[in-house]
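Trainee: Below is one structure. I have some questions about it.
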Amino acid sequence: MIEDEQEKAAARNQLIAIFLMMGLALVYFNFFAPTPSPPTQTPTDAVPAGQQTDATPSDVLRADTAAEQVETADATGWPNLPPPAEDVDPATDDIVIENDDLRLVFTRIGARLKNAYVLLHENGEDEIQLIPAQGDASDLTAVYPFGLRFSNEELRDELDYRRFDVVERSDRSITFGLTLPETAEIRKTFTFDEASHVLDVNVEYRNLEAEPRVLGMDQEPAFIVNWGPNVDSHDLKKGVRQTLIWRVAGANDWTATAKMEPGGDGEPFVERISSPEWMGVKSAYFMVAMKPEFSPSVGWVTGTEKRFRFGVGAPRAQIEPGETLSATVRASVGPN
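For the sequence shown, our numbering gives the first residue as 67, with consecutive numbering after it.
See the structure below:
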């Protein structure tokens with residue numbers, strides 16, 4: 067009997083001890099325990115963009131903190147570069163080519179695309195203009211599609227603001243040319259493909275110097291054929307987010323343009339994609355895409371959600387005297 071009472075007392079004391087220990091533990095962890103360190107995160111650039119190991123679209127395009135600034139560089143170091151255009155005359159600077167589905171208005175300032183009208187309905191009674199309005203900016207300062215961005219510091223985007231000549235023209239094609247005496251001859255040719263909304267964009271750089279000319283640096287491309295400053299398809303209020311999309315190694319990947327934010331150190335948002343088969347921007351109903359007809363290629367995008375440029379770059383090249391570097395991009399402009 068006495069032993070039973072002793073066992074009960076011991077069990078009661080054990081329970082009391084357990085409850086006291088639990089209470090002390092709760093007090094400690096709530097009031098005295100040090101704040102735990104945040105978990106280690108996998109770097110966002112551990113897997114190259116467009117090469118994810120599963121089918122889930124990437125949620126964020128990483129910012130390249132070492133990326134070059136997008137501002138135009140001083141081009142005085144490039145031999146015999148003509149001065150920028152000083153005025154615009156639409157009567158002579160605007161050039162139009164069209165087919166049954168597209169009416170394209172080019173400007174000689176930079177040999178770029180100023181307006182892209184997608185013709186709708188059977189007889190083109192309606193149309194959508196895909197290039198955003200530039201506000202007070204003129205052709206002398208505006209960002210337009212099919213500009214050229216060179217990796218060389220001395221050139222960068224300078225050709226976008228020089229006046230090209232019309233070298234050849236037909237109903238389905240137009241060639242613009244710019245000559246830097248004893249330095250280079252640059253030509254840009256735009257030709258409608260048999261496909262209704264496809265345009266072939268060919269860029270040629272002929273070396274007129276007595277020495278080889280190197281375009282590009284290390285892994286940087288010779289030049290990038292780009293689209294900017296956005297795609298204004300008038301359907302962004304339909305509940306479908308605007309999306310960057312690209313294809314690498316037979317698989318598509320994408321991200322919302324809303325994810326394009328500057329880096330924490332103030333660097334502009336920049337993303338490079340290795341060897342894309344094509345890349346583009348799509349909204350609810352329309353899409354602009356570029357497909358490089360050369361290899362290797364690099365995809366490139368920089369800017370913000372509202373104003374950005376994207377494109378594909380031709381590989382670094384050494385051009386011997388008298389030789390020509392030629393690169394073609396196929397551009398799809400219209401319904402997605």
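Even for Gly, the Cβ is constructed at its ideal location relative to N, Cα and C.
Would you report the Cα separation of GLU333 and ALA208, rounded to the nearest angstrom?
Mentor: Locating residue 333 in the sequence shown gives position 267, where the first residue counts as 1. Locating residue 208 in the sequence shown gives position 142, where the first residue counts as 1. Rounded to the nearest angstrom, the two C-alpha atoms are 22 Å apart.
Trainee: I need the DSSP call for GLU224, collapsed to helix, strand or coil.
Mentor: Counted from its first residue, the sequence shown places residue 224 at position 158. Helix at GLU224.
Trainee: Taking the alpha-carbon of ASP266 as reference, which of TRP312, GLU251, LYS357, ASN165 has the nearest alpha-carbon?
Mentor: Along the sequence shown, one-based indexing puts residue 266 at 200. The candidate whose alpha carbon is nearest that of ASP266 is LYS357.
Trainee: Only counting the same chain, and skipping five residues up and downstream in sequence, which positions put a Cβ closer than 7 Å to that of GLY388?
Mentor: Taking the sequence shown and counting its residues from 1, the one referred to as residue 388 is at position 322. Answer for GLY388: ASN273, listed in chain order.
Trainee: For THR108, which residues of its own chain have a beta-carbon under 8 Å away from its beta-carbon, when the five flanking residues on both sides are left out?
Mentor: Locating residue 108 in the sequence shown gives position 42, counting from the first residue. Residue placement at THR108 cannot be trusted, given a pLDDT of 33 that sits under 50; the coordinates are not used to answer.
Trainee: Out of VAL314, HIS263, LEU310, ARG382, state which residue places its alpha-carbon closest to the alpha-carbon of PRO401.
Mentor: If you number the sequence shown from 1, residue 401 lands on position 335. Nearest option by C-alpha distance: HIS263.
Trainee: What's the call for ARG373, buried or exposed, on a 16-neighbour Cβ count within 10 Å?
Mentor: The residue labelled residue 373 in the question sits at position 307 within the sequence shown. ARG373 should be labelled exposed.
Trainee: Between the C-alpha atoms of LEU404 and ALA261, what's the straight-line distance to the nearest angstrom?
Mentor: Examination of residue 404 is not possible in this model, given that the chain is present from 67 through 402 alone.
Trainee: Taking the DSSP output, what are the residues bridged to ILE175?
Mentor: Working through the sequence shown from its first residue, we reach residue 175 at position 109. Bridge partners of ILE175: ARG229.
Trainee: With distances taken from CA atoms, which of ASP153, VAL171, GLU337, SER398 is nearest ASP160?
Mentor: Position 94 of the sequence shown holds residue 160. That would be VAL171, whose Cα lies nearest to the Cα of ASP160.
Trainee: So, PHE216 versus ASP223, is the Cβ gap smaller than 9 Å?
Mentor: The residue labelled residue 216 in the question sits at position 150 within the sequence shown. The residue labelled residue 223 in the question sits at position 157 within the sequence shown. Yes, these two residues count as a Cβ contact at 9 Å.
Trainee: Per DSSP, what kind of secondary structure is THR119 in: helix, strand or coil?
Mentor: In the sequence shown, counting from the first residue as 1, residue 119 sits at position 53. Residue confidence is low: THR119 scores 32 on pLDDT, short of 50, so the model does not pin down where it sits. Its coordinate-derived value is still stated next. Three-state result, THR119: coil.
Trainee: Per the contact definition of three or more C-beta pairs closer than 8 Å, is the region 311-325 in contact with the region 240-259?
Mentor: Counting Cβ pairs under 8 Å, fewer than three are found: no touch.
Trainee: Which value, in whole angstroms, describes the spacing of the CA atoms of TRP366 and SER341?
Mentor: For the purposes of this step, residue 366 is identified with residue 300 of the sequence shown, where counting begins at 1. For the purposes of this step, residue 341 is identified with residue 275 of the sequence shown, where counting begins at 1. Their Cα atoms are separated by approximately 11 Å.
Trainee: Give the list of continuous beta strand (DSSP E) stretches no shorter than 3 residues that lie fully inside the region 290-317.
Mentor: If we require 3 residues or more, the beta strand (DSSP E) runs fully inside the region 290-317 come out as 309-314.
Trainee: Would you say ASP237 touches the ligand PLP, meaning its beta carbon is less than 8 Å from a heavy atom?
Mentor: Summarising the ligand content, the structure contains no ligands, and the ligand PLP is consequently not present.
Trainee: Return the CA-CA distance between ALA393 and GLU277, expressed in angstroms with no decimal places.
Mentor: Looking up residue 393 in the sequence shown gives position 327. Looking up residue 277 in the sequence shown gives position 211. If I take the Cα positions, the gap works out to 21 Å.
Trainee: Contact check, LYS180 vs TYR210 under 8 Å by CB: the rounded distance?
Mentor: For the purposes of this step, residue 180 is taken as the residue at position 114 of the sequence shown. For the purposes of this step, residue 210 is taken as the residue at position 144 of the sequence shown. About 6 Å separates the two Cβ atoms, so the contact holds.
Trainee: Taking THR158 as part of the beta strand (DSSP E), name the residues at either end of that continuous run.
Mentor: The residue given as residue 158 occupies position 92 in the sequence shown. From DSSP, THR158 is part of no beta strand (DSSP E) but of the alpha helix (DSSP H) over 156-159.
Trainee: Using beta-carbon positions only, say whether ASN165 and PHE256 come within less than 9 Å of one another.
Mentor: Residue numbering aside, residue 165 sits at position 99 when the sequence shown is read from its first letter. Residue numbering aside, residue 256 sits at position 190 when the sequence shown is read from its first letter. No, they are not a contact pair.
Trainee: Can you tell which of VAL154, ALA322, THR390, TRP293 has its C-alpha closest to the C-alpha of ILE175?
Mentor: Position 109 of the sequence shown, counting from 1, holds the residue named residue 175. Nearest of VAL154, ALA322, THR390, TRP293 to ILE175, Cα basis: VAL154.
Trainee: To the nearest angstrom, how far is it from the Cα of PRO287 to the Cα of GLU193?
Mentor: As a first step, residue 287 is located in the sequence shown; it is residue number 221 there, counting from the start. As a first step, residue 193 is located in the sequence shown; it is residue number 127 there, counting from the start. Near 36 Å, if we compare the C-alpha coordinates of GLU193 and PRO287.
Trainee: Taking the DSSP output, what are the residues bridged to SER349?
Mentor: As a working mapping, residue 349 is identified with position 283 in the sequence shown. The partner list for SER349 (beta bridge, DSSP) is empty, contrary to what the question assumes.
Trainee: Going by other Cβ atoms of all chains shown within 10 Å of its Cβ, with 16 needed for buried, is ASP205 buried or exposed?
Mentor: Reading the sequence shown from its first residue, position 139 is the one you call residue 205. Buried, by the Cβ-count rule.
Trainee: Hey, how far is the Cα of SER465 from the Cα of LEU185?
Mentor: This structure cannot speak to residue 465, because the chain is shown only from 67 to 402.
Trainee: Check each candidate in GLU359, GLN308, PHE352, GLY369 and name the one with the smallest Cα separation from ARG338.
Mentor: Within the sequence shown, the letter at position 272 stands for residue 338. Among GLU359, GLN308, PHE352, GLY369, the Cα nearest to that of ARG338 belongs to GLY369.
Trainee: Got a sec? Which residues, its chain only, sit under 8 Å from SER299 by beta carbon, not counting five neighbours each side?
Mentor: On the sequence shown, position 233 is the one that residue 299 refers to. Closer than 8 Å at the Cβ level, and outside the excluded window around SER299, lie ILE194, LEU196, SER349, ALA350, TYR351, PHE352.
Trainee: Counting along the chain, where does the beta strand (DSSP E) carrying ARG338 start and finish?
Mentor: On the sequence shown, position 272 is the one that residue 338 refers to. Start and end: 336-340.
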